[in-house]
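My numbering puts the sequence shown at residues 95 to 525. To start, the structure itself, in structure tokens.
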Amino acid sequence: MDTVKVALVGFGTIGIGVAKILLGQQERIAGAVGRNVKLVRICDKDTQRDRGVKLPAEMLTDDLNVILNDSEIFTAIELVGGIEPARSIILSLLKSGKNVVTANKALLATHGGEIFDAARSYNRSISFEAAVGGGIPVVNAISTALQANALCQLQAIVNGTCNFILTQMEERGTDYATAVAEAQRLGYAEANPAMDVNGTDTVQKLAILAHLGFGAKPNWQDVPRTGIDTVEAIDIVYAKRLGYRIKLLAVAEATPDGVELYVSPTLVRIDTPVANVRDSFNIIRIVGDAVGDVLLQGRGAGELPTASAIVGDVIDTILGRAKITFDTLNLWKKERPATKIKNPAEICGKNYLRFLVEDRPGVLAEIAGILGRHKISIASVLQQQDNESNNSPAVLIIMTHVSREGDTLAAIDTIDSLVCVRGKTVRMRVE
Ligand SMILES: NC(=O)c1ccc[n+]([C@@H]2O[C@H](COP(=O)([O-])OP(=O)(O)OC[C@H]3O[C@@H](n4cnc5c(N)ncnc54)[C@H](OP(=O)(O)O)[C@@H]3O)[C@@H](O)[C@H]2O)c1
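Right under this line is the structure:
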């Protein structure tokens, strides 16, 4: 059996998982590929730190040129993360003739065009299964098995940290800050969890899925995004009372006016599969015009689940499957016209609105009047005093019927400027 050489750049959480699988499963992988797949080099800034993986002494290097100059290395895996130096590393790996496997959603969502153009100009491939949904094979499903379909809708929980925090808040009754601290203690959340909780990570994954599944080319910064940092324990309680669970959803939907895209904490009916995905698990619900509903569920992050997707990509690259998919998909190609994205102000949906208001006659009428003037009709109202003392504000929950996003935001703006309203209105979408 001949041998094909592979290299890894970035020996952190996921890099360690990839090394464990490539070094520990050599026989099984050789059986699947028909060639020995040999991890020959790992490049990381730090070559001294013990990572709990036994490596031959010459395997670790802090010099990327060792990989770039080895013309026998067929595939290189980028697991540095972030924009720079990951972007320059991938461009130089492609230039040196390597096919690239990456898990870097931030980079693809921001510089997909440049990276894919470079791969095409060097006649190489990029594979990125692990960039969305970790170990869940969603990229593969959309790009191969579901090709017969026009996608109608995609609804996804793709950030395990946020799902874990929301699950803790619901099941243990903890407040948001305590749930974030618990996520950090268990290693789900980074020391700075901002990119997870403010929805950035989810929207970057949505931008990739929107391009892959719907042909849209959104600038991820322009996609409407609300994170879970706006959710309070009281919202979880009220949502449950109304028959819903709150989930951070990424949504793409094909409409006659273009693809609707948004990320938002969303009230999902308790009896649906999406509502029942707990802890750090992810789910992606895809609706195709021929197949109907497809649900993909599993671990969206972590060392071995993510490494599973990466090693799958490495095998596909060596077998030549990755290049076929890469060449046929034409992703982020300049000449390929992009599907129109619907004006966010025109997106229609139901909403959950929570107001903190003065507890006096006329307040509800004032708010209802503003909603009415913005063509928003009320489906139900719940009211409760914030605490028992006199003059304490009241919590007002309004569930609306379907309204235009532009009207909803304008109404909230007006309501937030009322003297009787204390604090900013909390708004969540309702599925
Ligand atoms: N963690 C997950 O569960 C998960 C899931 C799906 C996708 N991903 C993606 O996988 C990628 C890697 O994530 P990770 O969690 O493994 O990150 P990580 O633990 O921070 O690992 C990155 C590694 O790259 C090293 N590095 C930084 N700059 C480098 C350079 N110029 N040359 C060589 N090595 C360099 C870092 O060293 P220092 O620590 O010294 O900076 C670190 O060891 C990211 O794109 C991430 O979005 C992660």
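For every residue, glycine included, the Cβ atom is placed at its ideal position computed from N, Cα and C.
Best match in the options for proximity to residue i [C-alpha to C-alpha]
i, options, result
"residue 448", "463, 330, 348, 384", "330"
"residue 450", "293, 381, 512", "512"
"residue 492", "500, 505, 485, 486", "505"
"residue 465", "454, 281, 100, 445", "445"
"residue 98", "154, 144, 428, 170", "170"
"residue 212", "197, 182, 225, 226", "182"
"residue 436", "353, 429, 468, 381", "353"
"residue 186", "198, 206, 205, 159", "159"
"residue 387", "243, 209, 154", "243"
"residue 371", "142, 299, 267, 262", "262"
"residue 305", "277, 367, 204", "204"
"residue 349", "269, 229, 248, 488", "248"
"residue 322", "366, 254, 279, 335", "254"
"residue 319", "336, 300, 414", "300"
"residue 380", "110, 245, 264", "245"
"residue 416", "168, 398, 338", "168"
"residue 358", "455, 126, 297", "297"
"residue 398", "218, 206, 229, 122", "229"
"residue 339", "316, 368, 283", "368"
"residue 317", "334, 346, 308", "346"
"residue 126", "216, 266, 406, 161", "406"
"residue 121", "114, 131, 113", "131"
"residue 337", "490, 184, 474, 113", "474"
"residue 514", "521, 468, 458", "458"
Run of the alpha helix (DSSP H) containing residue i, from where it starts to where it stops
i, result
"residue 219", "Segment: none, residue 219 is in no alpha helix (DSSP H) and carries neither H nor E."
"residue 298", "294 to 308"
"residue 159", "158 to 162"
"residue 193", "Looking at the DSSP string, residue 193 is not in any alpha helix (DSSP H); the run it does join, the beta strand (DSSP E), is 193 to 196."
"residue 181", "180 to 189"
"residue 120", "120 to 127"
"residue 421", "415 to 423"
"residue 230", "Counting along the chain, residue 230 falls outside any alpha helix (DSSP H), and DSSP gives it neither H nor E."
"residue 278", "270 to 279"
"residue 262", "254 to 266"
"residue 428", "Premise fails: residue 428 is in no alpha helix (DSSP H) and is neither H nor E."
"residue 327", "327 to 335"
Extent of the continuous beta strand (DSSP E) run through residue i
i, result
"residue 172", "167 to 172"
"residue 137", "130 to 137"
"residue 454", "Careful: residue 454 lies outside any beta strand (DSSP E) and carries neither H nor E."
"residue 523", "520 to 524"
"residue 356", "352 to 363"
"residue 500", "Segment 499 to 510 is the alpha helix (DSSP H) holding residue 500; no beta strand (DSSP E) there."
"residue 375", "375 to 382"
"residue 283", "Here residue 283 belongs to no beta strand (DSSP E), and DSSP marks it neither H nor E."
"residue 340", "338 to 349"
"residue 496", "Where residue 496 is concerned, there is no enclosing beta strand (DSSP E), given that its DSSP letter is neither H nor E."
"residue 99", "97 to 103"
"residue 386", "386 to 393"
"residue 245", "245 to 251"
C-beta contact flag for residue i and residue j at 8 Å
i, j, result
"residue 135", "residue 101", "yes"
"residue 108", "residue 225", "no"
"residue 343", "residue 360", "yes"
"residue 411", "residue 195", "yes"
"residue 252", "residue 293", "no"
"residue 404", "residue 200", "no"
"residue 375", "residue 396", "no"
"residue 95", "residue 129", "yes"
"residue 156", "residue 138", "yes"
"residue 425", "residue 210", "yes"
"residue 111", "residue 366", "no"
"residue 402", "residue 453", "no"
"residue 470", "residue 433", "no"
"residue 507", "residue 518", "no"
"residue 154", "residue 133", "no"
"residue 525", "residue 362", "yes"
"residue 489", "residue 328", "yes"
Cβ of residue i within 8 Å of any chain C Cβ
i, result
"residue 137", "Of the protein chains in the structure, only one exists, and it is not chain C."
Practice problem: Measuring from each Cβ to the nearest heavy atom of ligand 1, keep the ones under 6 Å and list them in chain order. | Solution: Qualifying residues come out as 103, 104, 105, 106, 107, 108, 109, 137, 138, 139, 140, 173, 174, 175, 179, 197, 198, 199, 224, 228, 395, 396, 400.
Quiz item: Looking at C-beta atoms only, is the number of pairs between the region 184 to 191 and the region 420 to 432 that lie closer than 8 Å three or more?
Solution: no
Quiz item: Within the chosen definition, does the region 226 to 239 reach the region 309 to 317 through at least 3 CB pairs nearer than 8 Å?
Solution: no
Self-check item: At least three beta-carbon pairs within less than 8 Å, the region 429 to 441 to the region 494 to 503
Solution: yes
Quiz item: Are the region 169 to 178 and the region 145 to 160 in contact at 8 Å, needing three or more beta carbon pairs?
Solution: Counting Cβ pairs under 8 Å, fewer than three are found: no touch.
Self-check item: Inter-stretch contact (C-beta, 8 Å, three-pair minimum) for the region 217 to 234 and the region 255 to 269
Solution: no
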